[in-house]
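Visitor: Attaching a single structure in structure tokens format; questions to follow.
The structure is reproduced here in structure tokens:
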């Protein structure tokens with residue numbers, strides 16, 4: 013007799029998640045392992061549980077493929093960013109950014125400046141990954157020259173990149189969250205502006221104060237001279253090499269989609285590499301595929317500039333694929349949804365609902381480690397409850413971003429955490445305590461939910477629009 017193809021029970025979901033968390037924690041914290049194989053073990057456990065529940069193997073394979081399909085855009089962007097980083101380094105774009113940054117930035121203003129620079133770049137481009145993979149790498153090089161600790165510098169870079177990503181109408185997650193909730197992107201941005209501004213203010217204050225402790229003696233001038241000399245010996249440092257980042261920012265500001273905008277930046281840098289650096293086609297192709305190998309003789313710069321390339325980005329791409337395989341099974345078998353149903357039974361207030369949404373997004377980031385899933389699954393699960401309680405869907409979309417988008421880099425085995433480790437050279441365990449914006453954002457959102465500004469009721473007109481079209485405009489705060 014064929015078993016029933018049913019959703020998971022609470023006990024079955026708990027077994028899968030507990031095993032995943034234990035395997036992840038022991039492997040990464042105790043043994044210092046990369047997250048790929050522990051996540052694969054989680055895939056095996058989730059698939060075996062799905063078979064036990066009654067799902068056919070053919071269906072489970074479909075769940076896996078469906079999960080990967082959800083992440084295809086991320087995978088494409090990862091691949092293109094890998095190519096871009098390699099080409100931008102070999103063509104001298106990143107070394108030029110580092111060189112001029114060392115001339116302009118001083119130790120005491122570096123940290124808040126890093127927050128502001130990455131914020132502007134991320135708002136303009138709509139991509140935290142692109143910002144961290146280009147501007148972020150350059151800023152890490154500058155931080156090394158100014159004797160700023162790497163984890164602290166990375167925290168400033170990540171905080172700015174995710175603030176910009178969160179507030180940019182060009183960002184995929186900023187568009188995904190309101191789509192899941194049932195509102196539009198500009199209402200969504202307007203509604204989350206106040207708590208985001210408060211969290212950003214806390215971030216800037218932290219990094220301004222932190223930066224003061226590096227302003228007394230200043231950077232070691234001899235170290236700076238060695239770095240500058242190493243860059244000048246290997247690259248032709250020229251201000252025209254700021255053109256590729258400018259091309260990317262302008263093209264995306266003109267509403268060119270992110271992928272072709274980034275590709276324009278690659279080809280612009282490649283052309284400049286030929287004429288400014290004297291690169292040949294083989295140099296560019298090698299850097300695009302295998303990355304660039306720096307030989308300046310300065311350890312800090314060589315460690316940083318030996319980076320990029322499609323091949324080196326496979327660390328992040330492979331983890332994304334494995335994570336989305338797990339996520340596809342978990343979503344279709346209902347491992348997370350059954351937990352959310354239990355949580356909803358204990359939620360009595362609107363503020364409690366916002367808190368439950370944020371906690372669920374963070375849990376999703378840790379157990380189905382891809383930020384898209386952390387927005388999509390809780391968004392689907394909570395949308396009807398918000399509607400039943402007549403709570404404006406912008407309340408939900410803001411909670412999804414606060415819990416899903418910004419907490420993803422705090423999880424070492426999340427695809428965002430893996431991307432950062434792959435490009436900035438630090439794990440979430442190292443930079444996490446200094447990613448102030450990413451820590452403050454969910455806490456401020458929860459606080460504002462209890463104080464009132466984060467919770468709005470729908471008017472009759474808004475409710476009618478939501479019922480008819482699934483999208484409403486305007487926010488009326490309580």
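In my numbering, the protein residues as written are 13 to 490.
Glycine included, every Cβ here is placed at the ideal spot set by N, Cα and C.
For the candidate residues 152, 85, 396, whose alpha-carbon lies nearest to that of residue 1?
Guide: Because the chain here runs from 13 to 490, residue 1 falls outside it and cannot be looked at.
Visitor: What three-state label does DSSP hand residue 19 in the structure shown?
Guide: coil
Visitor: Since residue 48 contacts residue 331 with CB under 8 Å, what's their CB separation in whole angstroms?
Guide: The beta-carbon separation of residue 48 and residue 331, rounded to 5 Å, stays under the 8 Å limit for a contact.
Visitor: Give every residue of the same chain whose Cβ lies closer than 7 Å to the Cβ of residue 83, excluding the five residues on either side of it in the sequence, and list them in chain order.
Guide: 332, 336, 382, 384
Visitor: Give me the residue from 411, 138, 18, 219 with the minimum Cα distance to residue 120.
Guide: 219
Visitor: Going by C-alpha to C-alpha distance, which of 359, 439, 58, 325 sits closest to residue 95?
Guide: 325
Visitor: What do you reckon, are the CB atoms on residue 173 and residue 204 nearer than 7 Å?
Guide: no
Visitor: Considering only residues of the same chain and omitting the five flanking positions on each side of residue 268, which have a CB-CB separation below 8 Å?
Guide: 276
Visitor: Out of 396, 460, 417, state which residue places its alpha-carbon closest to the alpha-carbon of residue 180.
Guide: Measuring from the Cα of residue 180, the nearest candidate turns out to be 417.
Visitor: Here's a check: name, in chain order, each residue in its chain whose Cβ is nearer than 8 Å to the Cβ of residue 129, leaving out the five neighbours to either side.
Guide: 147, 151, 172
Visitor: Within the continuous alpha helix (DSSP H) that includes residue 328, where are the two ends?
Guide: 326–345
Visitor: If the criterion is Cβ atoms closer than 7 Å, does the pair residue 319 and residue 289 meet it?
Guide: Contact annotation: residue 319 and residue 289 have beta-carbon atoms that are not nearer than 7 Å.
Visitor: What separation, rounded to the nearest whole angstrom, lies between the Cα atoms of residue 242 and residue 211?
Guide: 39 Å
Visitor: In whole angstroms, what is the alpha-carbon distance linking residue 124 and residue 223?
Guide: 7 Å
Visitor: Going by CA-CA distance only, name the one from 421, 366, 420 that's closest to residue 394.
Guide: 366
Visitor: What did DSSP end up calling residue 319 once you bin it into helix, strand or coil?
Guide: The answer is strand: DSSP assigns residue 319 an E or B state.
Visitor: Helix, strand or coil for residue 360? Go by DSSP, reduced to three states.
Guide: coil
Visitor: Using only CA atoms, which one of 45, 76, 161, 50 lies nearest to residue 442?
Guide: 161
Visitor: For residue 229, collect the residues of the same chain with a Cβ closer than 7 Å to its Cβ; drop the 5 residues on either side in sequence, then sort them by chain order.
Guide: Here the model assigns residue 229 a pLDDT of 48, short of 50, so the residue's position is not dependable and the matter cannot be decided.
Visitor: Contact between the segment 389–409 and the segment 451–459 is defined here as three or more beta-carbon pairs at a separation below 8 Å; is this criterion met?
Guide: no
Visitor: Quick one: is residue 41 buried, meaning 16 or more other Cβ sit within 10 Å of its Cβ, or exposed?
Guide: exposed
Visitor: For the segment 139–167, list the alpha helix (DSSP H) runs that are entirely contained and at least 4 residues long, ordered along the chain.
Guide: Unbroken alpha helix (DSSP H) runs of no fewer than 4 residues, entirely contained in the segment 139–167, are found at 140–143, 149–157, following chain order.
Visitor: Check whether the segment 133–142 touches the segment 97–112, taking contact to mean three or more Cβ pairs, one atom from each stretch, closer than 8 Å.
Guide: no
Visitor: For residue 238, which option in 308, 254, 296, 43 has the closest C-alpha, if you only look at C-alpha atoms?
Guide: 308
Visitor: Run the CB neighbour count on residue 377, radius 10 Å, all protein chains shown included, and call it buried at 16 or more, exposed below.
Guide: buried
Visitor: Alpha carbons only, please: which of 21, 294, 301 is nearest the one belonging to residue 64?
Guide: Residue 64 has its Cα closest to that of 21, out of 21, 294, 301.
Visitor: When you compare the segment 179–198 with the segment 354–371, are there three or more beta-carbon pairs, one atom per stretch, that lie closer than 8 Å?
Guide: no
Visitor: With DSSP run on the structure shown, which of helix, strand or coil describes residue 403?
Guide: strand
Visitor: Assuming contact is defined by CB atoms lying nearer than 7 Å, are residue 28 and residue 347 in contact in what I supplied?
Guide: yes
Visitor: In angstroms with no decimal places, state the Cα-to-Cα distance between residue 310 and residue 31.
Guide: 44 Å
Visitor: With a threshold of 16 other CB atoms inside 10 Å of the CB of residue 177, please say whether the residue is buried or exposed.
Guide: Answer is buried; the Cβ neighbour count reaches 16.
Visitor: How many Å lie between residue 175 and residue 131 at the Cα?
Guide: 6 Å
Visitor: Determine whether the beta carbon atoms of residue 170 and residue 447 lie at a separation below 7 Å.
Guide: Yes, these two residues count as a Cβ contact at 7 Å.
Visitor: Are there 16 or more other CB atoms within 10 angstroms of the CB of residue 425, so buried, or fewer, so exposed?
Guide: buried
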